[in-house]
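For what it's worth, the numbering used here labels the leading residue of the sequence shown as 7, then goes sequentially. Have a look at the structure below before the remarks.
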Amino acid sequence: MFKASCHCGGIVLNADEAPETITSCNCSICHRIGALWGYYLDEQVETQQTVAIQDYRWGDKTITFHTCSGCGCTTHYTAVREDGKTKIGLNTRMVSREDTKDIRVRYFDGADTWGFLKEES
Numbered sequence: 007m008f009k010a011s012c013h014c015g016g017i018v019l020n021a022d023e024a025p026e027t028i029t030s031c032n033c034s035i036c037h038r039i040g041a042l043w044g045y046y047l048d049e050q051v052e053t054q055q056t057v058a059i060q061d062y063r064w065g066d067k068t069i070t071f072h073t074c075s076g077c078g079c080t081t082h083y084t085a086v087r088e089d090g091k092t093k094i095g096l097n098t099r100m101v102s103r104e105d106t107k108d109i110r111v112r113y114f115d116g117a118d119t120w121g122f123l124k125e126e127s
């Protein structure tokens, strides 16, 4: 089980397994949030909440960022893919460091080129 929780515990997301990679994006909002995203399909993540979730959309409004109204942590985002399925970007900063320390981080240039940066081998 791969468990993410906001600081106050009001929002908990559970996935059956850890993502293969984590993405660091430098777009304007991801840079400000400081998130590291693990990607799933909607049906792969169970969301439990005891507080209200605040939603935020901007730009072309294709991505919705979800934030805990209790502690202010951005726990995840949702976006509808071209195939109609909902993608979840789970903020792995909400997961224990022990559970993420061995996952490779990929760097996505969301600010300029909209592509992954070359990885050193």
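Note that beta-carbon positions come from the ideal geometry of N, C-alpha and C, so glycine has one too. These numbers were taken from a predicted model, which means no experiment stands behind them.
Segment contact, 8 Å Cβ cut-off, at least three pairs: the stretch 39-48 with the stretch 119-126: Counting Cβ pairs under 8 Å, fewer than three are found: no touch.
Classification of M7 by the beta-carbon crowding that lies within 10 angstroms, buried from 16 upward: Reading the sequence shown from its first residue, position 1 is the one you call residue 7. Within a 10 Å sphere around the beta-carbon of M7 sit fewer than 16 other beta-carbons, which makes this residue exposed.
Member of I109, G76, L123 and I69 whose CA lies at the smallest distance from the CA of I35: As a first step, residue 35 is located in the sequence shown; it is residue number 29 there, counting from the start. Cα-wise, what sits closest to I35 is I69.
Neighbourhood of V18 by C-beta, 6 Å cutoff - its chain only, sequence neighbours within 5 removed: Locating residue 18 in the sequence shown gives position 12, where the first residue counts as 1. Sequence-distant Cβ neighbours of V18 in its own chain, meaning closer than 6 Å and more than five residues away, are S11 and Q54.
Residue span of the beta strand (DSSP E) that contains C31, given as start and end: For the purposes of this step, residue 31 is identified with residue 25 of the sequence shown, where counting begins at 1. T27 to C31 is the span of the beta strand (DSSP E), which, as asked, contains C31.
Contacting residues, own chain, Cβ-Cβ under 7 Å from H82 (five flanking each side not counted): Here residue 82 refers to the residue found at position 76 of the sequence shown. Excluding sequence positions up to five before and after H82, its CB lies within less than 7 Å of the CB of L19, H72, I94, G95, L96 and N97, all in the same chain and listed in chain order.
Minimum C-alpha distance to K67 - residue among C79, Q60 and V86: As a first step, residue 67 must be located in the sequence shown, where it is residue number 61. That would be V86, whose Cα lies nearest to the Cα of K67.
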